[in-house]
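Here the structure comes first, spelled out in structure tokens, and everything after it is commentary.
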Amino acid sequence: MEHGGHGTNYGKGGEASLEGSLVAYLDSIGISLSKVSGISTDGAAVMVGATNGVVGRLRQRIPHVVSVHCIAHRFVHA
Numbered sequence: 080m081e082h083g084g085h086g087t088n089y090g091k092g093g094e095a096s097l098e099g100s101l102v103a104y105l106d107s108i109g110i111s112l113s114k115v116s117g118i119s120t121d122g123a124a125v126m127v128g129a130t131n132g133v134v135g136r137l138r139q140r141i142p143h144v145v146s147v148h149c150i151a152h153r154f155v156h157a
């Protein structure tokens, strides 16, 4: 996972690893999960899976989080 195109690697692996990396990164920059309202993803199953995807896992922690499929990724894969 990269943040903001800076090329910083926050982990490889399955949903749990990606979610853990995201939560750790947000914590490292002082963003509480209670302040997170949305996430934009590339639409891959590992990201948007309702139960075990990153979004599904985040919804267990943040029930109000909104998931959006990145329009650039959606356009490329159309």
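Take the sequence shown: its position 4, counting from 1, is numbered 83 in this note's numbering, and each next residue is one higher. We treat Cβ as the ideally placed atom computed from N, Cα and C, and that holds for glycine. It should be emphasised that the depicted structure is a prediction, and the values quoted were computed from it without experimental measurement.
Annotation: the continuous beta strand (DSSP E) that includes Val147 extends over 145-148.
Around the beta carbon of Val145, fewer than 16 other beta carbons lie within 10 angstroms, which makes this residue exposed. Of the other Cβ atoms in all chains shown, 16 or more fall within 10 Å of the Cβ of Gly132; this residue is therefore buried.
Distance from the Cα of Met126 is smallest, within the candidate group Phe154, Val155, His156, Leu101, for Leu101. In terms of Cα proximity to Phe154, the closest of Ser111, Lys114, Asp121 is Asp121.
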